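Using our numbering, you'd call the opening residue of the sequence shown number 1 and step up by one each time.
Worksheet: the structure to be examined is printed underneath.
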Amino acid sequence: MASKFSSERDEKVKLHTRKGHDMTWSCDKHGEPIKFYCKEHKIPVCHPCATKDHKPCELDDIEDVILERRRILDDKQQEIEEMKKQLKALDSKLDSTVTSASNHFQSVNDELKMAFDDKLKIVKDKEKLSIHLIDEEADKEIQIINEKRERRIKSCHEEAEQQQLTIKESQAKIESDTKAISEVVAKKIKDLTSKNQHAISTMDNVDANIKRIKQFDKRLVNEAMQVLASLDNVLNLKDVSDCLDRIQREVQKVGFVEGEVGGEHSGRIDGYIDRQMGACQVNSHYIDC
Ligand SMILES: [Zn+2]
Ligand SMILES: [Zn+2]
């Protein structure tokens with residue numbers, strides 16, 4: 001049994017030595033090797049300390065304390081190892097969480113961007129549609145305005161054409177009045193000329209007759225009164241001259257009187273020539289006799 005104990009002890013010493021137990025650890029006070037651990041004062045003590053200062057104290061064998069503490073430490077080391085593994089796992093989990101979070105945020109951002117892009121696109125599309133509608137409406141209004149402008153221009157053009165036509169008609173009428181008057185004048189002058197020629201030839205005849213009857217007294221007595229009477233029908237020179245003067249005066253009186261432009265009467269020929277011609281007519285009728 002003793003040998004067994006001794007062998008166990010040796011093994012223990014060897015084990016401790018192998019485990020790095022410090023054999024030089026000694027008491028500061030006595031220089032003796034540390035043998036015990038005072039549970040009461042919580043300090044390691046040597047044999048003299050134990051027998052003197054810690055006599056009533058409960059003492060543990062230092063080897064037991066060392067074994068116990070080493071075991072605790074070993075356990076703790078195992079725990080630490082385990083914890084380190086877990087921490088490493090946690091670390092990689094953290095990494096993966098970071099990656100996953102980053103990926104998630106990226107996908108959320110992508111989704112968000114898509115959603116907002118959609119919103120932007122909706123706004124843009126709405127704007128395009130609005131502009132299109134505005135354009136369409138404006139085009140319609142422009143078309144209406146253009147049509148109205150065309151109608152007004154056409155109406156204006158037609159009105160101007162109508163006015164021009166009226167003016168031209170008026171001009172033609174006045175021109176025809178003038179022409180009629182000049183024709184009347186020409187006719188009157190022609191009449192007077194013809195009557196004058198007739199008077200001249202009548203005078204020639206009377207003159208010849210007078211010469212002829214003067215050659216014989218019988219003829220002179222019998223025909224003188226008849227020949228003289230034929231002179232009564234001859235033109236009165238003063239009448240013809242007066243009539244010519246009158247015609248000339250009346251012709252000079254003929255003039256264009258401008259009226260309102262665009263009005264119904266844009267002008268007329270003044271001078272009452274027809275009435276004066278009428279007077280002349282009376283006169284010439286008298287001449288005619
Ligand atoms: Zn001591
Ligand atoms: Zn003590």
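Glycine included, every Cβ here is placed at the ideal spot set by N, Cα and C.
All figures in this text were calculated on a predicted structure; none of them were measured in a lab.
Here V108 is exposed, its C-beta having fewer than 16 other C-beta atoms within 10 Å. At least one heavy atom of ligand 1 is found less than 8 Å from the C-beta of C49. Using a Cβ distance threshold of 9 Å, I247 and I189 count as a contacting pair.
Residues lining ligand 2 by the Cβ criterion, that is a Cβ closer than 6 Å to any of its heavy atoms, are C38, E40, H41, H54 and C57 in chain order.
Rounded to whole angstroms, the Cβ separation of I62 and P48 is 14 Å, and the two are not in contact under 8 Å. The C-alpha of E58 lies about 31 Å from the C-alpha of E79. Scanning its chain for C-beta atoms nearer than 7 Å, with the 5 sequence neighbours on each side dropped, one finds no residue around S102.
In terms of Cβ geometry, F256 and I174 form a close pair [threshold 9 Å]. Annotated as proximal: V240 and A199, with beta-carbon spacing under 9 Å. Secondary structure remark: continuous beta strand (DSSP E) runs of at least 3 residues inside the segment 19-83, in chain order: 34-38, 43-46 and 59-61. Contact holds between the segment 29-39 and the segment 61-77, because three or more Cβ pairs, one in each stretch, are under 8 Å apart.
According to the DSSP assignment, V257 belongs to the beta strand (DSSP E) that extends over G255 to E258. By the Cβ neighbour-count rule, I142 is exposed, with fewer than 16 other Cβ atoms within 10 Å of its own.
Distance between E158 and K168, taken at the CA atoms: about 15 Å. Relative to ligand 1, the nearest heavy atom lies less than 8 Å away from the CB of V45.
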